[in-house]
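Colleague: Okay, here's the structure, questions in a sec.
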Amino acid sequence: MATPHIVYSDQLDISLGGLEKLHPFDGRKFSKAWEQITSILGEKLDGFSHLVTSPVTDTSLGTFHTDFYLSLVADKRYIAQVVEIPIVRWLPSSWVMDGIVKPMRYATQATILATELALDNGFAVSLAGGFHHASKSKGEGFCAFSDIPVAVNLMTKQSLLHAESRIAIVDLDAHQGNGFERAFYEDERVRFFDMYNSDIYPRDRYAEGRIDYPVKLASKTADAEYLSQLKEHLAIFIERFGPFDLIYYNAGTDILAGDKLGQLSVSFDGILERDAFVLDICQKASKSTVMVTSGGYSADSYKLIAQSVINQFEL
């Protein structure tokens, strides 16, 4: 398999002066994952690490999101709804824009860069992104911007993707990726494999109608059942719809046992096995593969992200 190009920014962490701890999301997991990756890989990252130094522009976001929606995202009261932390509406706007919205803008730009790198080199990982609950005119579930649709639209505009391009989104976050499914509802280039806990949010029945291959799990599903279902059904999905020009792997770590929001029971090692399997099969089935990290609400989320990346360098 190809060595991954890693995309990172020092502006990804979510910070509200400590108030971000009111949500189970670890706002510092991105910098902690990067620190662990660099401490282990060191010089192996030379030529394979890429720093995002500026956030996504409104012009780029406007290739997918509406102007009205972008005006909403500039309102702290709306962001309070998106991140599900009511007190945010009472904070200074500068705190909210700098501590929440700006990191999501950098994360969206990281997905764009990772897509460019994957199309050019075969394989890239963004340490953030995967905002799969955001759609064209609505943010929810801690997702303000729909990063993958923005990236796909930009790549299409730049003629790096075309009307006949074959794209897949393999979404293994614990939650249904309803925003992406709504975003690409009428785009026949995109195929969806979504394996998720059907007992929890968002339960979006309309978006479910866009999933080409849904695999619904029950709460507390553990390693043996999870990995068996994944290996059987992802292989069928790829055989049925592949090969692809581009696969996005939404590698949520919220399937970890003990994650309060994901409510599944997959072990640390089980998630590493998942990632290794998915990245192997995706690279064999697609010219280009992009991994984004999506949701993960436990103290170990950053360790899983880091170790999965490290494992790809040590193959």
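Note that full-length UniProt numbering numbers the sequence shown so that position 46 is 46, with each residue one more than the last.
Positions of the beta carbon are idealized from the N, C-alpha and C atoms, including for glycine.
If you're wondering where the values come from, they're calculated on a predicted model, not measured in any experiment.
#1: Roughly how many angstroms lie between the CA atoms of residue 259 and residue 27, to the nearest whole one?
#2: Using the beta-carbon count (16 or more within 10 Å), is residue 51 buried or exposed?
#3: Considering Cα atoms alone, identify which of 128, 122, 186 is closest to residue 244.
#4: Rank 104, 93, 206 by C-alpha distance to the C-alpha of residue 176 and give the top, closest one.
#5: Please classify residue 107 as buried or exposed, where buried requires at least 16 other C-beta atoms within 10 Å of its C-beta.
#6: Using the rule of at least 16 other Cβ atoms within 10 Å of the residue's Cβ for burial, across every protein chain shown, is residue 34 buried or exposed?
#7: With a cut-off of 8 Å, do at least 3 Cβ pairs link the segment 83 to 96 to the segment 209 to 218?
#8: Suppose you measure from the CA of residue 170 to the CA of residue 154; what does that come to, to the nearest Å?
#9: Figure out for me which residue from 256, 309, 242, 97 has the closest Cα to the Cα of residue 223.
#10: State buried or exposed for residue 158, treating a residue as buried only when at least 16 other CB atoms are found within 10 Å of its CB.
#11: In this structure, does DSSP put residue 214 in helix, strand or coil?
#12: Work out the CA separation of residue 174 and residue 278 for me, nearest whole Å.
#13: Tell me which residue opens and which closes the beta strand (DSSP E) that residue 68 is part of.
#14: Give the single residue among 229, 241, 7, 182 whose Cα lies nearest to the Cα of residue 64.
#15: Kindly confirm or deny that the segment 304 to 312 and the segment 180 to 200 touch, where touching means at least three C-beta pairs closer than 8 Å.
#16: Do you know offhand how far residue 93's Cα is from residue 143's?
#17: Using beta-carbon positions only, say whether residue 112 and residue 49 come within less than 7 Å of one another.
#18: Measuring only the C-alpha atoms, how far is residue 195 from residue 8?
#19: Suppose the cutoff is 8 Å on Cβ atoms and the five residues either side in sequence are ignored; what does the same chain contact list for residue 263 look like?
#20: Select from 288, 300, 17 the residue whose C-alpha is nearest the C-alpha of residue 272.
#21: From the DSSP output, in three-state form, read off residue 1 for me.
#22: Can you list, in chain order, the residues of its chain whose CB lies under 8 Å from that of residue 286, leaving out five sequence neighbours each side?
#23: Name the DSSP bridge partner or partners of residue 246?
#24: Could you tell me the alpha carbon to alpha carbon distance between residue 164 and residue 240, rounded to whole angstroms?
#25: What is the DSSP secondary structure of residue 162, reduced to helix, strand or coil?
#26: Candidates 77, 36, 146, 141: which alpha carbon is nearest residue 60's?
#27: Could you tell me which whole alpha helix (DSSP H) segments of length 4 or greater appear in the segment 164 to 207?
#28: Which ranges would you report for the alpha helix (DSSP H) in the segment 30 to 84 if only whole runs of at least 4 residues count?
#29: Please tell me whether residue 99 and residue 15 are closer than 7 Å, where the distance is taken between their beta carbons.
#30: Among residues of its own chain, excluding the 5 on either side of residue 105, which ones have a beta-carbon nearer than 6 Å to its beta-carbon?
Modeller: On the basis of the data shown:
#1: By 1-based counting over the sequence shown, the position of residue 259 is 259. By 1-based counting over the sequence shown, the position of residue 27 is 27. Near 15 Å, if we compare the C-alpha coordinates of residue 27 and residue 259.
#2: Taking the sequence shown and counting its residues from 1, the one referred to as residue 51 is at position 51. When all chains shown are included, residue 51 counts as exposed.
#3: Taking the sequence shown and counting its residues from 1, one reaches residue 244 at position 244. Of 128, 122, 186, the residue nearest in Cα terms is 122.
#4: The residue labelled residue 176 in the question sits at position 176 within the sequence shown. Closest option to residue 176, Cα to Cα, is 206.
#5: Within the sequence shown, the letter at position 107 stands for residue 107. When all chains shown are included, residue 107 counts as buried.
#6: The residue you call residue 34 lines up with position 34 of the sequence shown. Residue 34 should be labelled buried.
#7: no
#8: For the purposes of this step, residue 170 is taken as residue 170 along the sequence shown, with counting starting at 1. For the purposes of this step, residue 154 is taken as residue 154 along the sequence shown, with counting starting at 1. Their Cα atoms are separated by approximately 20 Å.
#9: Reading the sequence shown from its first residue, position 223 is the one you call residue 223. Nearest C-alpha to residue 223: 256.
#10: Position 158 of the sequence shown holds residue 158. Answer is exposed; the Cβ neighbour count stays below 16.
#11: To locate residue 214, count along the sequence shown from 1; it is residue 214. Of the three classes helix, strand and coil, the one that applies to residue 214 here is strand, per DSSP.
#12: In the sequence shown, the residue the question calls residue 278 occupies position 278. In the sequence shown, the residue the question calls residue 174 occupies position 174. Using only the alpha carbons, I get a separation of about 15 Å.
#13: Position 68 of the sequence shown holds residue 68. No beta strand (DSSP E) holds residue 68; the alpha helix (DSSP H) holding it covers 67 to 73.
#14: Locating residue 64 in the sequence shown gives position 64, where the first residue counts as 1. Closest by alpha carbon: 182.
#15: no
#16: By one-based count along the sequence shown, residue 93 stands at place 93. By one-based count along the sequence shown, residue 143 stands at place 143. Their Cα atoms are separated by approximately 18 Å.
#17: Along the sequence shown, read from residue 1 onward, the residue named residue 112 stands at position 112. Along the sequence shown, read from residue 1 onward, the residue named residue 49 stands at position 49. Taking 7 Å as the Cβ cut-off, residue 112 and residue 49 do not qualify as a contacting pair.
#18: For the purposes of this step, residue 195 is identified with residue 195 of the sequence shown, where counting begins at 1. For the purposes of this step, residue 8 is identified with residue 8 of the sequence shown, where counting begins at 1. Approximately 27 Å between the Cα atoms of the pair.
#19: Counting from 1 along the sequence shown, the entry for residue 263 is found at position 263. Excluding residues within five positions, the ones whose Cβ falls inside 8 Å are 174, 197, 199, 200, 219, 220.
#20: Position 272 of the sequence shown, counted from the first residue, corresponds to residue 272. When each option's Cα is compared against that of residue 272, the closest is 300.
#21: Numbered from its first residue, the sequence shown carries residue 1 at position 1. Note: residue 1 maps to coil in three-state DSSP.
#22: Sequence index remark: in the sequence shown, residue 286 carries index 286 (1-based). So the qualifying residues of the chain are 168, 242, 243, 244, 245, 246, 247.
#23: Sequence index remark: in the sequence shown, residue 246 carries index 246 (1-based). Per DSSP, 167, 288.
#24: What you label residue 164 is simply residue 164 of the sequence shown in a count that begins at 1. What you label residue 240 is simply residue 240 of the sequence shown in a count that begins at 1. Residue 164 and residue 240: Cα-Cα distance of roughly 17 Å.
#25: Residue mapping note: residue 162 aligns to position 162 of the sequence shown, counting from 1. It is coil, neither helix nor strand.
#26: As a working note, residue 60 is residue 60 in the sequence shown. Among 77, 36, 146, 141, the Cα nearest to that of residue 60 belongs to 146.
#27: 178 to 183
#28: 58 to 61, 67 to 73, 76 to 83
#29: The residue given as residue 99 occupies position 99 in the sequence shown. The residue given as residue 15 occupies position 15 in the sequence shown. Their beta carbons are under 7 Å apart, which means residue 99 touches residue 15 by this criterion.
#30: Position 105 of the sequence shown, counting from 1, holds the residue named residue 105. Cβ neighbours of residue 105 beyond the five flanking positions: 55, 56.
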